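Data block below; observations after.
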Amino acid sequence: MCRLALTIRTGVLIKSLNRYLASNSYSVLHTQLRILTLTIMPLHRIYTASGVYSAAEKQALATAITEIYAPFGLPAFYINVFFIDLPKDSYYIGGKPDDCFVRFNVQHIERGFPNKQAKLQYLEKYEQVLKPFTADKGLNWEVNIDPADSLVWHINGVSPPLLDSEAGKLWVKLNKAVPFEGPSFKDLD
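FYI, the numbering for the sequence shown is 0 to 188, going by numbering that gives the first Met the number 0.
Here is the structure:
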């Protein structure tokens, strides 16, 4: 599969993607997800009443969520999935106890989805991944995605390297943060 280099300026990135799309047969969704994954570190907080998911289901859901991003060049360690199980007497929906509801709060460290279509396509893909763990289990659920500023994002005390830099490629290869010199997210405009 072709790899598209990350560019620092969003306008240049969009122009590069348009040229890339014109010369390749990849779907718009694939391209929009590629734009997304070039610029984020996802944190998924999954709030449930205790016992909604077994340990095996949690592992399967965390793996499914990670697989949304990892094939597009993000190191797997960038994808964080936290299950927050609350006692059944501490989980209320509409003022009433509810142990059949799941709340998915996703935070993307980002420079922004490029447009409305990209936002909606990402949400559609996310819902497809969640279906075996929500609708297919007879659960009710809610999803929201919050942006966060990449300028104030650090891993192990440093601004992460740009993914297309040598340090970024090393982080992907090692699947962990290591000291580096070179461009980082703090250098983006």
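Glycine included, C-beta positions come from ideal geometry on N, C-alpha and C.
Fair warning: this is a prediction, and the values are worked out from it, not measured in the lab.
Open item on the list: Which runs of the alpha helix (DSSP H) at least 4 residues long sit entirely within the stretch 98-130? Give them in chain order.
Closed with: Contiguous alpha helix (DSSP H) elements confined to the stretch 98-130 occur at 115-129, taking only those with 4 or more residues.
Task: Extent of the continuous beta strand (DSSP E) to which L42 belongs - done: Along the sequence shown, read from residue 1 onward, the residue named residue 42 stands at position 43. In the DSSP assignment, L42 falls within the beta strand (DSSP E) that extends over P41 to A48.
Open item on the list: Give me, in chain order, the residues of the same chain whose beta-carbon lies closer than 6 Å to that of V142; leave out the 5 immediate sequence neighbours on both sides.
Closed with: Numbered from its first residue, the sequence shown carries residue 142 at position 143. Here the set comprises F103.
Task: Inter-residue spacing [alpha-carbon to alpha-carbon] between Y184 and E126 - done: Residue mapping note: residue 184 aligns to position 185 of the sequence shown, counting from 1. Residue mapping note: residue 126 aligns to position 127 of the sequence shown, counting from 1. According to the sequence provided, residue 184 is Phe. The question's Tyr does not apply to it. When rounded, the distance between both Cα atoms is 29 Å.
TODO: Please find out if some non-hydrogen atom of the ligand ZN comes closer than 7 Å to the beta-carbon of P146.
DONE: With respect to small molecules bound, the structure shown includes none, and the ligand ZN cannot be examined in it.
Open item on the list: I need the boundaries of the beta strand (DSSP E) containing A147, first residue and last residue.
Closed with: As a first step, residue 147 is located in the sequence shown; it is residue number 148 there, counting from the start. Under the DSSP assignment, A147 falls in the beta strand (DSSP E) whose first and last residues are N139 to D148.
TODO: Would you check if there are 3 or more beta carbon pairs closer than 8 Å linking the stretch 145-156 to the stretch 120-134?
DONE: The stretch 145-156 and the stretch 120-134 do not touch, with fewer than 3 CB-CB distances between them shorter than 8 Å.
Task: Nearest residue (CA-CA) to N139, options K57, S53, F82 and D98 - done: What you label residue 139 is simply residue 140 of the sequence shown in a count that begins at 1. Among K57, S53, F82 and D98, the Cα nearest to that of N139 is on D98.
Task: Backbone secondary structure at L28 - three-state DSSP - done: Position 29 of the sequence shown holds residue 28. The predicted position of L28 is uncertain, since its pLDDT is 46 and thus under 50; a value taken from the coordinates is nonetheless stated next. Look at L28 here: in three-state DSSP terms it is helix.
Task: Contact under 8 Å by Cβ, V128 with I78 - done: For the purposes of this step, residue 128 is taken as the residue at position 129 of the sequence shown. For the purposes of this step, residue 78 is taken as the residue at position 79 of the sequence shown. When the beta-carbon positions are compared, V128 and I78 stay at least 8 Å from each other.
Task: Inter-residue Cα distance where the pair is E66 and L161 - done: Within the sequence shown, the letter at position 67 stands for residue 66. Within the sequence shown, the letter at position 162 stands for residue 161. One C-alpha to the other measures close to 21 Å.
Task: Among I83, L187, A117 and Y46, the one whose alpha carbon lies nearest that of D163 - done: As a working note, residue 163 is residue 164 in the sequence shown. That would be L187, whose Cα lies nearest to the Cα of D163.
Task: S49 and P74 closer than 8 Å at C-beta - done: Here residue 49 refers to the residue found at position 50 of the sequence shown. Here residue 74 refers to the residue found at position 75 of the sequence shown. Result no, Cβ atoms of S49 and P74 do not sit closer than 8 Å.
- [ ] Report back the beta-carbon spacing between Y46 and V80 to the nearest angstrom; my notes put them in contact at under 8 Å.
- [x] Translated into the one-based positions of the sequence shown, residue 46 becomes position 47. Translated into the one-based positions of the sequence shown, residue 80 becomes position 81. Not a contact, Cβ separation roughly 12 Å.
- [ ] State the Cα-Cα distance for the pair L32 and G93, rounded to the nearest angstrom.
- [x] Taking the sequence shown and counting its residues from 1, the one referred to as residue 32 is at position 33. Taking the sequence shown and counting its residues from 1, the one referred to as residue 93 is at position 94. Unreliable positioning characterises L32 in this predicted model, as indicated by a pLDDT of 46, which lies under 50. A coordinate reading is not provided.
TODO: Could you name the residues of the same chain whose beta carbon sits closer than 8 Å to that of P178, not counting the 5 residues immediately before and after it, in chain order?
DONE: Taking the sequence shown and counting its residues from 1, one reaches residue 178 at position 179. V157.
Task: Secondary structure of F81, DSSP reduced to three states - done: By 1-based counting over the sequence shown, the position of residue 81 is 82. In the structure shown, F81 sits in a strand (DSSP, three-state: E or B).
Open item on the list: What would DSSP say about S89, mapped onto helix, strand or coil?
Closed with: The residue you call residue 89 lines up with position 90 of the sequence shown. DSSP, read as helix, strand or coil, puts S89 in helix.
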